[in-house]
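Numbering that gives the first Met the number 0 numbers the first residue of the sequence shown as 0 and each following residue consecutively. Here the structure is laid out as structure tokens; the discussion comes afterwards.
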Amino acid sequence: MGAVAELLRIMIIFVLCGALGWVVIEPIYTANEVSEAYSWTGALAILIFLFVLYRNKWQFTGWYKGKDKRKLSKQVSITLIAISIILVILPFILSSLLS
């Protein structure tokens with residue numbers, strides 16, 4: 000039962016926090032038509048960032064008490080956050096190259 004509750008919790012966290020992140024980021028992308036076309040990379044960046052937050056912080060506060068709960072390594076966390084930042088910036092780079 001704890002695993003099902005934890006899966007529901009994960010879905011709620013990702014949907015609510017993802018929507019909140021998109022509400023913040025989306026107006027920035029709508030300033031330019033070309034960057035708006037590639038705004039999906041910003042959505043992907045939000046999901047990657049939420050994954051890192053979940054694996055490093057939020058998984059330890061849930062209902063599931065399994066033995067296999069481990070943080071991401073520091074190198075993996077930094078790499079994923081760097082990829083997330085690049086994905087947020089990518090529509091602006093593409094819009095300047097394609098304009």
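Here a beta-carbon is modelled for each residue, glycine too, at the ideal position from N, C-alpha and C.
Worksheet item: Going by Cα to Cα distance, which pick from 18, 49, 10 and 55 is closest to residue 74?
Response: Numbered from 1 along the sequence shown, position 75 holds the residue referred to as residue 74. The shortest Cα separation from residue 74 among 18, 49, 10 and 55 belongs to 55.
Worksheet item: Are residue 86 and residue 29 closer than 7 Å when you measure CB to CB?
Response: Residue numbering aside, residue 86 sits at position 87 when the sequence shown is read from its first letter. Residue numbering aside, residue 29 sits at position 30 when the sequence shown is read from its first letter. No, the Cβ-Cβ distance between residue 86 and residue 29 is not below 7 Å.
Worksheet item: Where residue 97 and residue 81 are concerned, what is the direct C-alpha to C-alpha distance, given to the nearest angstrom?
Response: Position 98 of the sequence shown, counted from the first residue, corresponds to residue 97. Position 82 of the sequence shown, counted from the first residue, corresponds to residue 81. Looking at the two C-alpha atoms, the distance is approximately 24 Å.
Practice prompt. For residue 48, count neighbouring C-beta atoms within 10 Å of its own C-beta (all shown protein chains included) and say buried if the count is 16 or more, exposed if not.
Written response: As a working mapping, residue 48 is identified with position 49 in the sequence shown. That one is buried.
Worksheet item: Out of curiosity, what's the CA-to-CA distance linking residue 20 and residue 94?
Response: Residue numbering aside, residue 20 sits at position 21 when the sequence shown is read from its first letter. Residue numbering aside, residue 94 sits at position 95 when the sequence shown is read from its first letter. One C-alpha to the other measures close to 21 Å.
Worksheet item: Could you give the distance in angstroms between the alpha-carbon of residue 43 and the alpha-carbon of residue 50?
Response: As a first step, residue 43 is located in the sequence shown; it is residue number 44 there, counting from the start. As a first step, residue 50 is located in the sequence shown; it is residue number 51 there, counting from the start. Going by the C-alpha atoms only, they are around 11 Å apart.
Fill in: residue 40 - DSSP class collapsed to helix/strand/coil
What you label residue 40 is simply residue 41 of the sequence shown in a count that begins at 1. Looking at residue 40 - three-state DSSP - the assignment turns out to be helix.
Worksheet item: If you draw a straight line from the C-alpha of residue 27 to the C-alpha of residue 37, how long is it?
Response: Walking along the sequence shown from the start, residue 27 turns up at place 28. Walking along the sequence shown from the start, residue 37 turns up at place 38. Whole-angstrom Cα-Cα distance: 12 Å.
Practice prompt. Can you say whether residue 88 is buried or exposed, counting buried as having 16 or more other CB atoms within 10 angstroms of its CB?
Written response: Position 89 of the sequence shown holds residue 88. With fewer than 16 other Cβ atoms within 10 Å, it is exposed.
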